[in-house]
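Accompanying notes for the structure given below.
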Amino acid sequence: MVALEDALQILIDRCRSCHTERVPLAKSSGRVLAEDIVCDMDFPPFDRSPLDGYAVRMEDIQKASSKRPVLLRQTDYVPAGTWSERGVGAGEAARIMTGAKIPDGADAVVRLEDTRYEGEQVYILDPAQADKNICKRGEEYKAGEKVLSKGSYLQEGNIGILAMLGHSRPKVYMRPNVGIMATGSELLPVSASLQPGMIRDTNSYMLDAKVRLAGGEPVLMGQVKDDVESMAERLLDHPGLPVYILTGGASVGDYDLAKKLFERLEIPILFDRVAIKPGMPVIAGYWQDSLLLALSGNPAACSISFEVLVRPLIRKMAGFAQWKHIRIRTKLAGEFGKESPVRRFIWAHCFAVDGTLFASSLEYQGNGMLRAISQANALLDIPANSPKLDRGTDVIALLIPSLL
Ligand code: AMP
Ligand code: MG
-10 MVALEDALQI
0 LIDRCRSCHT
10 ERVPLAKSSG
20 RVLAEDIVCD
30 MDFPPFDRSP
40 LDGYAVRMED
50 IQKASSKRPV
60 LLRQTDYVPA
70 GTWSERGVGA
80 GEAARIMTGA
90 KIPDGADAVV
100 RLEDTRYEGE
110 QVYILDPAQA
120 DKNICKRGEE
130 YKAGEKVLSK
140 GSYLQEGNIG
150 ILAMLGHSRP
160 KVYMRPNVGI
170 MATGSELLPV
180 SASLQPGMIR
190 DTNSYMLDAK
200 VRLAGGEPVL
210 MGQVKDDVES
220 MAERLLDHPG
230 LPVYILTGGA
240 SVGDYDLAKK
250 LFERLEIPIL
260 FDRVAIKPGM
270 PVIAGYWQDS
280 LLLALSGNPA
290 ACSISFEVLV
300 RPLIRKMAGF
310 AQWKHIRIRT
320 KLAGEFGKES
330 PVRRFIWAHC
340 FAVDGTLFAS
350 SLEYQGNGML
360 RAISQANALL
370 DIPANSPKLD
380 RGTDVIALLI
390 PSLL
């Protein structure tokens, strides 16, 4: 049995990082950037107007008021996408629209609302803060500045930034393929009708979603009965994947065959069992450059082992700079009536009241149950040797990105 951090380190030390590819920007959301992005120019690329108004010289209009308007002559018209060839001289104004380049000679923009105009005559009624009404070239990014780092998640804001800076085909990491094989003679595919003693394979589909949302590419290998030869055959039918997750058979029952499978294929074992509850049965092997992880068949236990071991592994392989869970300190909203001789993970719902974060541990957390997860957004990490927990106890919560 190994400690969770040691188990994770053993996996991370052996994981391959993914190749990269270039993809069209419009297809790149949710991917992980595989290059640093450095700005090759100032942004905005020119001084521009943030509003509709008149581009003027501040010294001309400083004293304007509604009682003593300053009269200027409109000498140009600059909608967005155009620019003024002649510029703005003393006593002149250029009618300018939002986003247009500030004409040479102008150093202020008066809002339309602070003017009165008739033909070429423009009365400035209020200088307000006209000299502040200019978005300066380079005010957001300066040429040479690092804008995004390798390992950044391409969320919508980052996609917008890439578009703004002209990156039509960003370099991203390819997603690691993750084989998923459900073992258990009682398992039926989701489309089958139930028969006595049989259940539907829950884990394949849950893990498919988890792998995808963690940044991997799931490869469903289906359900296999409790028979070492069938398991070996199915595995060999899907060669070369960097990670395989097997569920079921990782414990010590008569039909817990994961270990026998590893022996049959002479897969060296990296560790057997992790000191957490639920999710203790985990057998990890490393074979022909692939990591194999046999997890408990119990859906709740399987989902917790996945969270604390496999999600960080997949995120790391997928290139995320931030591959570990975000951990936050919360207060337990109710009591938790069990002692925790072993480090325990509890599905919880975190919420804030007046700026304080609370976590409710959820009901229906039995090993074979999934009901709690549909309400959860976090896992509480309760250290080994903890007593029952009172309401208000400080607890650490791991935020689950795909459940937020
Ligand atoms: P095992 O880890 O094989 O001992 O299985 C533990 C429990 O999880 C048993 O009740 C199994 O029926 C159940 N189980 C195993 N695999 C799955 C699966 N893929 N989907 C749902 N339940 C499963
Ligand atoms: Mg089984």
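Residues in the sequence shown are numbered consecutively from -10, following this note's numbering.
A virtual CB, placed ideally from N, CA and C, is assigned to each residue, including glycine.
Alpha-carbon spacing of residue i relative to residue j, whole angstroms
i    : j    : result
F260 : S292 : 19 Å
R360 : N366 : 13 Å
D41  : V27  : 32 Å
S363 : A337 : 10 Å
G326 : S6   : 42 Å
G268 : P228 : 27 Å
T236 : Y142 : 29 Å
P185 : C4   : 41 Å
T345 : P390 : 20 Å
S174 : A203 : 29 Å
W276 : A289 : 27 Å
V179 : D29  : 52 Å
K52  : K121 : 16 Å
I91  : L101 : 15 Å
K131 : E24  : 19 Å
Q354 : N287 : 11 Å
A221 : F295 : 22 Å
L177 : D215 : 13 Å
I335 : E324 : 13 Å
Y66  : I113 : 17 Å
N374 : F309 : 33 Å
Residue i classed as buried or exposed, judged by whether at least 16 other C-beta atoms fall within 10 angstroms
i    : result
E74  : exposed
G108 : exposed
G168 : buried
K266 : buried
P376 : exposed
P68  : exposed
H8   : exposed
P478 : Since the first and last residues shown for the chain are -10 and 393, residue 478 lies out of range.
M306 : buried
A89  : buried
A181 : exposed
V342 : exposed
P257 : exposed
S55  : exposed
A152 : exposed
V241 : exposed
D243 : exposed
Close-in-space but distant-in-sequence residues of the same chain around residue i (CB under 8 Å, 5 per side omitted)
i    : result
P372 : S329 and R332
G205 : R164, P165, N166, V167, V232, I303, M306 and A307
L230 : N166, V167, G168, V208 and S279
P301 : L(-3), I1, W312, K313 and H314
D197 : I169, P207 and L209
Chain-order list of residues whose beta-carbon lies under 7 Å from that of residue i (same chain, five-residue window excluded)
i    : result
I150 : V136 and L137
A95  : A44, V45, R46, V77 and A83
A239 : D245, A247, P270, V271, I272, A283, L284 and S285
C-beta neighbour in chain C for residue i, strict 8 Å
i    : result
R105 : Note that chain C does not occur in the displayed structure, where there is just one protein chain.
Segment limits, beta strand (DSSP E) that includes residue i
i    : result
K320 : I315 to L321
E48  : Counting along the chain, E48 falls outside any beta strand (DSSP E), though it belongs to the alpha helix (DSSP H) covering M47 to I50.
A221 : Segment V217 to L225 is the alpha helix (DSSP H) holding A221; no beta strand (DSSP E) there.
N147 : No beta strand (DSSP E) holds N147; the alpha helix (DSSP H) holding it covers E145 to M153.
M170 : N166 to T172
V331 : Run containing V331: none; DSSP gives neither H nor E here.
D197 : Note, D197: premise wrong, no beta strand (DSSP E); alpha helix (DSSP H) at N192 to A203.
I91  : That residue, I91, is in no beta strand (DSSP E); it is neither H nor E in DSSP.
F32  : No beta strand (DSSP E) contains F32, which DSSP labels as neither H nor E.
W276 : V271 to W276
R11  : T9 to R11
T71  : Run containing T71: none; DSSP gives neither H nor E here.
Delimiting residues of the alpha helix (DSSP H) encompassing residue i
i     : result
V99   : Careful: V99 lies outside any alpha helix (DSSP H), inside the beta strand (DSSP E) at A97 to R100.
C291  : P288 to S294
I(-1) : L(-7) to R3
F251  : A247 to R253
L359  : Careful: L359 lies outside any alpha helix (DSSP H) and carries neither H nor E.
K214  : Note, K214: premise wrong, no alpha helix (DSSP H); not H, not E.
I389  : That residue, I389, is in no alpha helix (DSSP H); it is neither H nor E in DSSP.
R300  : R300 to M306
Residues of its chain near residue i, where Cβ-Cβ distance is below 6 Å and the 5 sequence neighbours each way are ignored
i    : result
L381 : Inspection of the sequence shows that residue 381 is occupied by Gly rather than by Leu. The answer, listed in chain order, is K320.
C124 : P33, R37 and P39
M86  : D41, P68 and A69
I148 : S18
D115 : D103
Next item on the list: Would you be able to state if there are at least three C-beta pairs under 8 Å between the stretch 35 to 46 and the stretch 6 to 15?
Entry: At 8 Å Cβ cutoff, the stretches do not touch.
Notebook entry, point to check: Per the contact definition of three or more C-beta pairs closer than 8 Å, is the stretch 250 to 258 in contact with the stretch 157 to 165?
Noted result: Output reads no: the stretch 250 to 258 does not touch the stretch 157 to 165.
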